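Quick mapping for you: the protein sequence lines, in order, are chains B and C. Here the first sequence stands for residues 32 to 464, where the numbers follow our numbering. Here the second sequence stands for residues 32 to 464, where the numbers follow our numbering.
Number of protein chains: 2
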Amino acid sequence: MNENRSLRVALLGAGSVGSQVARLLLERADTYEVRVGARLELVGIGVRNLDAPRDVDLPKDLLTSDIDALVDGSDVVVELMGGIDPARALVLRSLERGVDVVTANKALVAAHGPELRAAASASGAMLLYEAAVGGAIPIIRPLDASLAGDRVMRVMGIVNGTTNYILDKMHREGATLDEALRVATELGYAEADPTADIEGFDAASKATILASLAFHTEVPVASVHREGITGVTAETVAQAEKDDQVIKLLAICERVFADDGSESVNARVYPALVAKDHPLAAVHEAKNAIFIEAEAAGDLMFYGAGAGGVETASAVLGDLVSLSRRRVAGGQALHPGVSAHLPVAPMSAVVTRYQVTIDVKDQPGVMARIAGKFGEHGVSMESLEQRISDEGIATLVVGTHQARESLVQTVLEQLRQHDDVVEVRSFIRAEAV
Amino acid sequence: MNENRSLRVALLGAGSVGSQVARLLLERADTYEVRVGARLELVGIGVRNLDAPRDVDLPKDLLTSDIDALVDGSDVVVELMGGIDPARALVLRSLERGVDVVTANKALVAAHGPELRAAASASGAMLLYEAAVGGAIPIIRPLDASLAGDRVMRVMGIVNGTTNYILDKMHREGATLDEALRVATELGYAEADPTADIEGFDAASKATILASLAFHTEVPVASVHREGITGVTAETVAQAEKDDQVIKLLAICERVFADDGSESVNARVYPALVAKDHPLAAVHEAKNAIFIEAEAAGDLMFYGAGAGGVETASAVLGDLVSLSRRRVAGGQALHPGVSAHLPVAPMSAVVTRYQVTIDVKDQPGVMARIAGKFGEHGVSMESLEQRISDEGIATLVVGTHQARESLVQTVLEQLRQHDDVVEVRSFIRAEAV
Numbered sequence: 032m033n034e035n036r037s038l039r040v041a042l043l044g045a046g047s048v049g050s051q052v053a054r055l056l057l058e059r060a061d062t063y064e065v066r067v068g069a070r071l072e073l074v075g076i077g078v079r080n081l082d083a084p085r086d087v088d089l090p091k092d093l094l095t096s097d098i099d100a101l102v103d104g105s106d107v108v109v110e111l112m113g114g115i116d117p118a119r120a121l122v123l124r125s126l127e128r129g130v131d132v133v134t135a136n137k138a139l140v141a142a143h144g145p146e147l148r149a150a151a152s153a154s155g156a157m158l159l160y161e162a163a164v165g166g167a168i169p170i171i172r173p174l175d176a177s178l179a180g181d182r183v184m185r186v187m188g189i190v191n192g193t194t195n196y197i198l199d200k201m202h203r204e205g206a207t208l209d210e211a212l213r214v215a216t217e218l219g220y221a222e223a224d225p226t227a228d229i230e231g232f233d234a235a236s237k238a239t240i241l242a243s244l245a246f247h248t249e250v251p252v253a254s255v256h257r258e259g260i261t262g263v264t265a266e267t268v269a270q271a272e273k274d275d276q277v278i279k280l281l282a283i284c285e286r287v288f289a290d291d292g293s294e295s296v297n298a299r300v301y302p303a304l305v306a307k308d309h310p311l312a313a314v315h316e317a318k319n320a321i322f323i324e325a326e327a328a329g330d331l332m333f334y335g336a337g338a339g340g341v342e343t344a345s346a347v348l349g350d351l352v353s354l355s356r357r358r359v360a361g362g363q364a365l366h367p368g369v370s371a372h373l374p375v376a377p378m379s380a381v382v383t384r385y386q387v388t389i390d391v392k393d394q395p396g397v398m399a400r401i402a403g404k405f406g407e408h409g410v411s412m413e414s415l416e417q418r419i420s421d422e423g424i425a426t427l428v429v430g431t432h433q434a435r436e437s438l439v440q441t442v443l444e445q446l447r448q449h450d451d452v453v454e455v456r457s458f459i460r461a462e463a464v
Numbered sequence: 032m033n034e035n036r037s038l039r040v041a042l043l044g045a046g047s048v049g050s051q052v053a054r055l056l057l058e059r060a061d062t063y064e065v066r067v068g069a070r071l072e073l074v075g076i077g078v079r080n081l082d083a084p085r086d087v088d089l090p091k092d093l094l095t096s097d098i099d100a101l102v103d104g105s106d107v108v109v110e111l112m113g114g115i116d117p118a119r120a121l122v123l124r125s126l127e128r129g130v131d132v133v134t135a136n137k138a139l140v141a142a143h144g145p146e147l148r149a150a151a152s153a154s155g156a157m158l159l160y161e162a163a164v165g166g167a168i169p170i171i172r173p174l175d176a177s178l179a180g181d182r183v184m185r186v187m188g189i190v191n192g193t194t195n196y197i198l199d200k201m202h203r204e205g206a207t208l209d210e211a212l213r214v215a216t217e218l219g220y221a222e223a224d225p226t227a228d229i230e231g232f233d234a235a236s237k238a239t240i241l242a243s244l245a246f247h248t249e250v251p252v253a254s255v256h257r258e259g260i261t262g263v264t265a266e267t268v269a270q271a272e273k274d275d276q277v278i279k280l281l282a283i284c285e286r287v288f289a290d291d292g293s294e295s296v297n298a299r300v301y302p303a304l305v306a307k308d309h310p311l312a313a314v315h316e317a318k319n320a321i322f323i324e325a326e327a328a329g330d331l332m333f334y335g336a337g338a339g340g341v342e343t344a345s346a347v348l349g350d351l352v353s354l355s356r357r358r359v360a361g362g363q364a365l366h367p368g369v370s371a372h373l374p375v376a377p378m379s380a381v382v383t384r385y386q387v388t389i390d391v392k393d394q395p396g397v398m399a400r401i402a403g404k405f406g407e408h409g410v411s412m413e414s415l416e417q418r419i420s421d422e423g424i425a426t427l428v429v430g431t432h433q434a435r436e437s438l439v440q441t442v443l444e445q446l447r448q449h450d451d452v453v454e455v456r457s458f459i460r461a462e463a464v
């Protein structure tokens, strides 16, 4: 901090979030000065293209394309460029120099969290990223600090607004995936290339961040089992509705216990069945929510806007003001610990419930034979129902009790080759039913 | 901190929360040591009666009735005695000596927050009280830190589990208040003397704490307008159900704007109508939830267990671990700022919506005359409905648009003396419809 008690803030990126952060930093400068005890002076906004159109009118003299110079002349860097390069190098260099960093970059934190935290720890710089998961929803700080004395057993998050919007529309209007995606794109909820959202990459990044905080263990993003929503059909949705369930794309992080009792952690992303009376089922449109099961606290849920320029700016500015208050008060940065070093369990070790829809040849004894396949592999069935029968084909819906993924996959593999089976039509996990 | 890196923790109180905190501190000592970087050593548990029955078997040698000596020999005090005396003196003395304090005592923080924060600031001690509002739900830290860069416009909280249990039962089972209270008492949700809960004193303490954090302004508990649930009848509940609404006891903190645009803040507690599709309506049983409207973040909600020994212990231990991590890392305590010093608006200045049920003499022109009374005082009606007519008495239900409380009270006063009016049967505010 310089002598007249101000902190030089460099903002990198002036997209939908960055332009709102810049606007609010300028508009609320006096308020922040009182809250922090030092002025947050926006010294520049680093952009690739000085003349690109912006959501907000920003003072021209703050815009600069010389990002290196901007970063090197600052006390705090707010990185809102997104993507790995050049964000990673800029953030790393800042942290190594002892410059505090706020970022909303989930891909960066998910892929390079350990490296960034190590650089911050070495120099005493702070690194905060509340906006990286759940947009405006406070979730990083509650997990890291409020639940610091508890043992988190499971986190289930609706952490991608685009896919929640699409699935919600399929449920509420009976739309197909393609129709819902088209509307989401028109309304700006989905990007021109929606791959990161609908294939679950975005949610997987967030899952790895949530898991590292919940379990004090690094969970590499490469270890996150990921299935997107492209396999969700109007038929699956209709069937869920009939069962008073909804399909949500969930980022799930949980402790997994092997048969010998040994503990590991798992993070995964897939569409799953959620009972309509579960709090997560009431998360509509592009909203996000994170549901936490902790040993002492019980069930908690955090709900709000998971995206949006001004909403996400709230989380970024919360980090910036908090970090600046700490800078003024003195004292080392606290970083989320990864003290537990639990092993990461593969998807095959996960235990959950399943719903499998199978077309079989409508012959005497077929239900018993299909049921037998599940029993043979120790997968206990909760329900077996014949839904439709048409031209010699019967559609069976099997619901299982808790079962280990590896066993269920073995059953599925054998069913696909089974004489009675025409097709395994769909397969979905039931997480909150 | 002493040389072998341990923090001497004194626990005051071994009731339902205290005994769980003690148990977890002992059971999780190794985990906490890794998370904190120092051992949290429970040096004693101060109790009034050494032989009182406890929820949890605690080591006898930790129990002591010499609370003064216990406090004076500690690095951190965890105050879970409740009530003002002797908690206030013990907490104050600790903070003055630079000893950090964690408390779950909402009455103490609400009544003496400024004094306690001043003592902490003067000595550099930390004072944390996450468990004082919303039990296990992280809400203090999100308001103080995560939303530090935002402008909170309104907080609406279901912060008392007992009254939520009672109202929920009235709605879901058609029970009367007395019946629901009796069951709540049998199940341990209500205390033998339920006054603090059902008259809204508990919620009012929490409102003052929430308001001070949300608006960076001291809002004395004496300024919190408070109405309990004793006036909620089965008839009001049934009428709400018909309108797809539920009645919730809400702690509301909001910015109030006078006609000249000047800003003040208000905190209040009363039963209010909530639309069934509002997230707060889905908060059942004894659960708590805090709904926040912030300028940039939009709507946020925090949901979970608002009471319970082990649940509340989670929040206490989160504070204890966080505070200890900060103690190990060094650096001054950060205290929620009260930098805004906004004036506190009286209830009469509040603007909200109202529903008034009036029995009138069933005569020609009566509806027009009643409607005229509202219009005369500038209270705009949204709906006017005749619900029942029996033996010359008609029951009218008036819904208003946003109106200032003082004007509505004037209308009510005049209606009570009006020739057409038999009785103003009920009056309830509509906060989230």
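Glycine included, every Cβ here is placed at the ideal spot set by N, Cα and C. These figures come from a predicted structure and were not determined experimentally.
Q: Would you mind giving the Cβ-Cβ distance between A328 of chain C and E342 of chain B, rounded to the nearest angstrom? I have them listed as a contact below 8 angstroms.
A: Numbered from 1 along the second sequence, position 297 holds the residue referred to as residue 328 of chain C. Numbered from 1 along the first sequence, position 311 holds the residue referred to as residue 342 of chain B. Right, their Cβ atoms sit about 6 angstroms apart.
**Q.** Sheet register partners of K392 of chain C (DSSP bridge)
**A.** Your numbering for residue 392 of chain C matches position 361 in the second sequence. K392 of chain C pairs with C:I424.
**Q.** Length of the line joining the Cα atoms of V464 of chain B and E210 of chain B
**A.** Within the first sequence, numbered from 1, the residue matching residue 464 of chain B stands at position 433. Within the first sequence, numbered from 1, the residue matching residue 210 of chain B stands at position 179. Looking at the backbone, the Cα of V464 of chain B and that of E210 of chain B are separated by about 28 angstroms.
Q.
Once the 5 residues before and after V453 of chain B are set aside, which same chain residues still bring their CB inside 7 angstroms of it?
A. Residue 453 of chain B sits at position 422 when you count from the first residue of the first sequence. Scanning its chain for C-beta atoms nearer than 7 angstroms, with the 5 sequence neighbours on each side dropped, one finds around V453 of chain B the residues D390, V391, K392 and I424, in chain order.
**Q.** Cβ-based neighbour list, N319 of chain B, same chain, cut-off 8 angstroms, excluding 5 preceding and 5 following
**A.** Translated into the one-based positions of the first sequence, residue 319 of chain B becomes position 288. The beta carbon of N319 of chain B lies closer than 8 angstroms to those of G165, G166, I168, G188, I189, V190, N191, G192, N195, Y334, G335, A336, G337 and A338 in the same chain, with the five residues before and after it left out.
Q: Specify the secondary structure class of M184 of chain C as computed by DSSP and reduced to three states.
A: On the second sequence, position 153 is the one that residue 184 of chain C refers to. In the structure shown, M184 of chain C sits in a strand (DSSP, three-state: E or B).
**Q.** DSSP beta-bridge partners of K318 of chain B
**A.** By 1-based counting over the first sequence, the position of residue 318 of chain B is 287. For K318 of chain B, which the question treats as bridged, DSSP gives the partners B:A336.
Q) Ordered along the chain, which non-local residues of its own chain (more than five positions away) have a Cβ less than 6 angstroms from that of A380 of chain B? A) Position 349 of the first sequence, counting from 1, holds the residue named residue 380 of chain B. Around A380 of chain B: V287.
Q.
I323 of chain C and L331 of chain C - do their beta-carbons sit closer together than 7 angstroms?
A. As a first step, residue 331 of chain C is located in the second sequence; it is residue number 300 there, counting from the start. As a first step, residue 323 of chain C is located in the second sequence; it is residue number 292 there, counting from the start. The Cβ atoms of L331 of chain C and I323 of chain C sit closer than 7 angstroms to each other.
Q) For the 8 angstroms Cβ check, are there 3 or more pairs between the region 138-153 of chain C and the region 281-301 of chain C? A) Output reads no: the region 281-301 of chain C does not touch the region 138-153 of chain C.
Q.
Among B:L304, B:V250, B:E266 and B:V369, whose alpha-carbon lies nearest the alpha-carbon of N297 of chain B?
A. As a position in the first sequence, residue 297 of chain B is number 266, starting the count at 1. Ranking the options by Cα distance to N297 of chain B, first place goes to B:V250.
Q: Determine whether the Cβ of Q440 of chain C lies closer than 7 angstroms to any Cβ atom of chain B.
A: As a position in the second sequence, residue 440 of chain C is number 409, starting the count at 1. It does not; no Cβ of chain B falls within 7 angstroms.
Q: Assign N33 of chain C to buried or exposed, taking buried as 16 or more other Cβ atoms, counted over all protein chains shown, within 10 Å of its Cβ.
A: Taking the first residue of the second sequence as 1, we reach residue 33 of chain C at position 2. For N33 of chain C, the predicted structure reports a pLDDT of 48, less than 50, and the residue's modelled location is therefore unreliable. A value from the coordinates is still provided. With fewer than 16 Cβ atoms within 10 Å of its Cβ, N33 of chain C is classed as exposed.
Q. Is there at least one Cβ from chain C nearer than 7 angstroms to F333 of chain B's Cβ?
A. In the first sequence, residue 333 of chain B corresponds to position 302, counting from 1. With 7 angstroms as the cut-off, F333 of chain B counts as an interface residue toward chain C.
Q: With a threshold of 16 other CB atoms inside 10 Å of the CB of H432 of chain C, please say whether the residue is buried or exposed.
A: Counting from one through the second sequence, the residue named residue 432 of chain C turns up at place 401. Exposed, because fewer than 16 other Cβ atoms sit within 10 Å of the Cβ of H432 of chain C.
Q. Which same chain residues, not among the five before or five after I466 of chain C, have their C-beta less than 6 angstroms away from its C-beta?
A. The structure shown does not extend to residue 466 of chain C, since chain C is modelled only from 32 through 464, so no value can be given for it.
Q. Can D450 of chain B and V397 of chain B be called in contact, C-beta distance under 7 angstroms?
A. In the first sequence, counting from the first residue as 1, residue 450 of chain B sits at position 419. In the first sequence, counting from the first residue as 1, residue 397 of chain B sits at position 366. Contact flag unset, no.
Q) When DSSP labels each residue in this structure, what does V466 of chain C get in the three-state scheme? A) In the structure as shown, chain C begins at 32 and stops at 464. Residue 466 of chain C is therefore absent and cannot be evaluated.
**Q.** Alpha-carbon to alpha-carbon, T207 of chain C and K279 of chain B
**A.** Here residue 279 of chain B refers to the residue found at position 248 of the first sequence. Here residue 207 of chain C refers to the residue found at position 176 of the second sequence. Linking K279 of chain B to T207 of chain C through their CA atoms gives a straight-line distance of about 38 angstroms.
Q: Determine, using beta carbons only, whether P169 of chain C comes closer than 7 angstroms to chain B.
A: Along the second sequence, one-based indexing puts residue 169 of chain C at 138. Interface residue, yes.
Q) So, are the CB atoms of T388 of chain B and V428 of chain B less than 7 angstroms apart? A) The residue you call residue 388 of chain B lines up with position 357 of the first sequence. The residue you call residue 428 of chain B lines up with position 397 of the first sequence. Yes.
(Q) Within 7 angstroms of any Cβ in chain B, is that where the Cβ of M32 of chain C sits? (A) Taking the first residue of the second sequence as 1, we reach residue 32 of chain C at position 1. At M32 of chain C, the pLDDT of 49 sits below 50, so the modelled position is not reliable; the number obtained from the coordinates is stated separately. Not one chain B Cβ lies under 7 angstroms of M32 of chain C.
(Q) According to DSSP, I76 of chain C sits in a beta bridge with which residue or residues? (A) If you number the second sequence from 1, residue 76 of chain C lands on position 45. The partner list for I76 of chain C (beta bridge, DSSP) reads C:L42 and C:L94.
Q. Using a C-beta to C-beta distance shorter than 7 angstroms, which residues of chain B count as neighbours of V65 of chain C?
A. Indexing the second sequence from 1 puts residue 65 of chain C at position 34. Against V65 of chain C, the close residues of chain B are S370, in the order they occur along the chain (beta-carbon pairs closer than 7 angstroms).
Q: Flag S177 of chain C as yes if its beta-carbon sits less than 7 angstroms from any beta-carbon of chain B, otherwise no.
A: For the purposes of this step, residue 177 of chain C is identified with residue 146 of the second sequence, where counting begins at 1. With its beta carbon less than 7 angstroms from one in chain B, S177 of chain C belongs to the interface.
Q: Work out the CA separation of M378 of chain B and A399 of chain B for me, nearest whole Å.
A: Numbered from its first residue, the first sequence carries residue 399 of chain B at position 368. Numbered from its first residue, the first sequence carries residue 378 of chain B at position 347. Taking the straight line joining both Cα atoms gives about 29 angstroms.
Q | Whole-angstrom C-beta distance between L89 of chain C and S50 of chain C, which should lie under 8 angstroms | A | Walking along the second sequence from the start, residue 50 of chain C turns up at place 19. Walking along the second sequence from the start, residue 89 of chain C turns up at place 58. At roughly 6 angstroms, the Cβ-Cβ gap stays under 8 angstroms, so S50 of chain C and L89 of chain C are in contact.
Q: List the residues that DSSP assigns as beta-bridge partners of I115 of chain C.
A: Locating residue 115 of chain C in the second sequence gives position 84, counting from the first residue. Looking at the DSSP assignment, I115 of chain C forms no beta bridge with any residue, so it has no partner.
Q: Identify the continuous beta strand (DSSP E) that holds S154 of chain B and give its terminal residues.
A: Position 123 of the first sequence, counting from 1, holds the residue named residue 154 of chain B. Run containing S154 of chain B: none in the beta strand (DSSP E); it sits in the alpha helix (DSSP H), K137 to S154.
Q. Any C-beta of chain C sitting closer than 7 angstroms to the C-beta of A148 of chain B?
A. Locating residue 148 of chain B in the first sequence gives position 117, counting from the first residue. Checking the displayed sequence, the identity of residue 148 of chain B turns out to be Arg instead of Ala. No - not a single Cβ of chain C is within 7 angstroms of the one on R148 of chain B.
Q | Those residues which DSSP pairs with A303 of chain B across a bridge | A | Translated into the one-based positions of the first sequence, residue 303 of chain B becomes position 272. BP columns for A303 of chain B point to B:K279 and B:R460.
(Q) Helix, strand or coil, according to DSSP, for N195 of chain C in the structure here? (A) Taking the second sequence and counting its residues from 1, one reaches residue 195 of chain C at position 164. The answer is helix: DSSP assigns N195 of chain C an H, G or I state.
Q | Proximity test, Cβ basis, 7 angstroms: E294 of chain C and chain B | A | Counting from one through the second sequence, the residue named residue 294 of chain C turns up at place 263. So, not an interface residue.
**Q.** Three-state class that DSSP yields for T267 of chain B in the structure shown
**A.** As a first step, residue 267 of chain B must be located in the first sequence, where it is residue number 236. Of the three classes helix, strand and coil, the one that applies to T267 of chain B here is helix, per DSSP.
Q. What do you get for R59 of chain C, buried or exposed, if any count of 16 or more other CB atoms within 10 angstroms of its CB means buried?
A. Sequence index remark: in the second sequence, residue 59 of chain C carries index 28 (1-based). Burial check for R59 of chain C: the Cβ neighbour count within 10 Å reaches 16 or more, so the residue is buried.
Q | Inter-residue CB distance, V300 of chain C and A234 of chain C (contact presumed, cutoff 8 angstroms) | A | As a first step, residue 300 of chain C is located in the second sequence; it is residue number 269 there, counting from the start. As a first step, residue 234 of chain C is located in the second sequence; it is residue number 203 there, counting from the start. Contact flag correct, Cβ pair sits at about 4 angstroms.
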